[in-house]
Each structure stands twice: as structure tokens, then as C-alpha cells.
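Undergrad:
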Amino acid sequence: MATAALPDFLLDPNVVLKDASQWRYKKAPDYTATNANFETTKSTSWAPESIEFLIQNLVKNWEKEASYKVDPKEWRTISQEHYSFHLNGGPGMSADDMLRLGTYNALIGEHGVKGVYETTAMDFSASHKLFKGAMKTFNWEVIEILGGPPKVSIKWRHWGTMTGNYRAKLSSGRTVTAKATGKVIEVFGITVAEVDDQFRIKFLETFWEPDQMFRQLVSGGLEEIHEGDKLKEGEKVEGISVAGACPASH
């Protein structure tokens, strides 16, 4: 593809941060630490102008817009008329739905992980605070692309190091915590994407198992703040095992 004919959000993974938009925290977020970590911990290195490089940049810019631009009409990476996001075969979500739920909640699903994370108890702000507190950076990369525009399947990796404690409020009013493990949290999944003739996203459907991430986050043991009774090795909290929290594989 000739780069002169391509939109900037395919060529630069951070270009939307330069936009004069309505940003969630009044100004564009700082991705300096995330970008530096990405360069030193990524498992792939795609050639500029390769389909993998271009799609990776598209998704990275989409994530920034979905997370930090509060007016979906300012999301340049999506087709305003046709955009729809789906999780694991579920119903479609609009850009407004994603803003209401929060990007983490949209990707985890309405049921969450029982006893560990409940989307109904964690709004946009609380969910972002939780994950950014547990992992200073949580990077994403393309592992493999199948097909070509307008429709592609993306095999991806998402990873970060757990340097902070996990803390989530449940709908029952309880708060659960898990101590930082210092280990790499690593998950894999598949996303099917369809773009329009201007390479804007019309359709996204992501397939992955949220449990694989939470098993790693609470692998050191889950505690309730108020009750303080720490689980024993191998004991289950509402269906998720504290022991045997193996990293996800391809």
C-alpha cells in the first residue's frame, strides 16, 4: 500500500493524541511509559507498511480514542454510521455503550468473574483505576493477521507486569484485594475487524477468556478487606481457583 493514500492513524500508533478533542481528563493522556515499555518487551517487530504494522496502529489509536475521547463523534478510527463492537459472540455495542461501560468492562463482559470482578460494581473510572494501579503499563501487539482489508482476523497478545495490588469492589459491598506478584500478566485472543473504504472500523468482535487474566492477577491469594480471612492455597473464591494460575498460552 502507498503510505500517501493511507490515513495517519494507520501510520502512527499515537497520532490521535495530537487531536484537539474533548479529553476525559481535560488533556490527552501521556503514553510515554507505555510506548517505552512496548519497545523493550514486545515479541514482534513488524516492518513499516506491513499489514500487521498498519492494523496494530489502527487498534492502538482506536483504544486511545475509546478510552479517553468523551465524545464518540470525535473518534476518527471508526465509521460513525456503522460501528459495532462485540465480545465473544455477544450483542453489538455502540460507541456510546462503550463510553457508558468503560473499555475494560466492554472487554470483560457483563457477567465479569464471579467473586473477583463485577462490571456492575465498577464504572469507567473505577475499572481504569484498578488496572492502571495493578499494572503501570498494559501493552497490546499483533501476533498474526489472517486475511486482508476490508476484513481481517487478528491474533494478539496483551501484557503487563503486576507491580501494584489488585483491588475491586463487588456489588455486595465487599471489596476484594490481591497483593502484587511482580509477575508478567499475559493474555492472548482473536479479534475480527472490518473496515470501510477509508480504513475506519465498522465492526469489531473480540474472542478471549477474561478468566485467564484474573487468575493471574489473584494468583497470590484473594482477601476481603473487611473480613480479612485470606484464602488457603487451592481454595476457590466464587468459582475461581487461587492455585494453578498458569500464564495463558497461544
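Going from the sequence shown to the working numbering is simple: count from 1 and add 257. For each residue, glycine too, the CB sits at the ideal point set by N, CA and C.
Measuring only the C-alpha atoms, how far is D454 from L356?
TA: D454 and L356: Cα-Cα distance of roughly 25 Å.
Undergrad: Compute the Euclidean distance between the alpha carbons of L387 and R424, then round it to the nearest angstrom.
TA: About 6 Å.
Undergrad: Rounded to a whole number of angstroms, what is the C-alpha to C-alpha distance between D353 and P329?
TA: Each residue's alpha carbon lies about 7 Å from the other.
Undergrad: According to the neighbour-count rule (16 or more other Cβ atoms, all chains shown, within 10 Å of its Cβ), is L403 buried or exposed?
TA: With fewer than 16 Cβ atoms within 10 Å of its Cβ, L403 is classed as exposed.
Undergrad: So within the region 339-380, which uninterrupted alpha helix (DSSP H) runs reach at least 4 residues, ignoring any that extend past its ends?
TA: Within the region 339-380, the complete alpha helix (DSSP H) runs of at least 4 residues are 352-358 and 360-365.
Undergrad: Does DSSP put I447 in a helix, in a strand, or in coil?
TA: Correct three-state label for I447: strand.
Undergrad: Identify, in the order they occur along the chain, each residue of the same chain with its Cβ nearer than 6 Å to the Cβ of V449, setting aside the five sequence neighbours on each side.
TA: Only S410 and E462 meet the Cβ criterion.
Undergrad: Checking 8 Å against the spacing of the C-beta atoms, do N318 and T297 come in under that value?
TA: Cβ distance not < 8 Å, so N318 and T297 don't count as in contact.
Undergrad: So, for P407: in the same chain, excluding its five sequence neighbours on each side, which residues have a beta-carbon less than 6 Å away from its beta-carbon?
TA: The residues are E451 and V452.
Undergrad: Provide the residue span of the alpha helix (DSSP H) that contains L315, from first to last.
TA: I308 to Y325 is the extent of the alpha helix (DSSP H) around L315.
Undergrad: Let me make sure I understand the geometry here. Which of E401, G346 and P348 has the alpha-carbon closest to that of S300?
TA: Minimum Cα distance to S300 is reached at E401.
Undergrad: The beta strand (DSSP E) spanning N422 covers which residue range?
TA: Unbroken run through N422: none, as it is neither H nor E.
Undergrad: Hey, F266 and L315: beta-carbon distance below 8 Å or not?
TA: Their beta carbons are under 8 Å apart, which means F266 touches L315 by this criterion.
Undergrad: Taking the DSSP output, what are the residues bridged to I458?
TA: Partner(s): I335 and V452.
Undergrad: At the level of alpha carbons, what is the spacing between G349 and E375?
TA: Taking the straight line joining both Cα atoms gives about 20 Å.
Undergrad: With 16 as the cutoff for other CB atoms within 10 Å, does V345 come out buried or exposed?
TA: In the sequence on display, residue 345 carries Asn and not Val. Its Cβ having fewer than 16 others within 10 Å, N345 is exposed.
Undergrad: Could you tell me whether the region 366-383 touches the region 267-278, using the rule of 3 or more Cβ pairs below 8 Å?
TA: With the cut-off at 8 Å, the region 366-383 and the region 267-278 do not touch.
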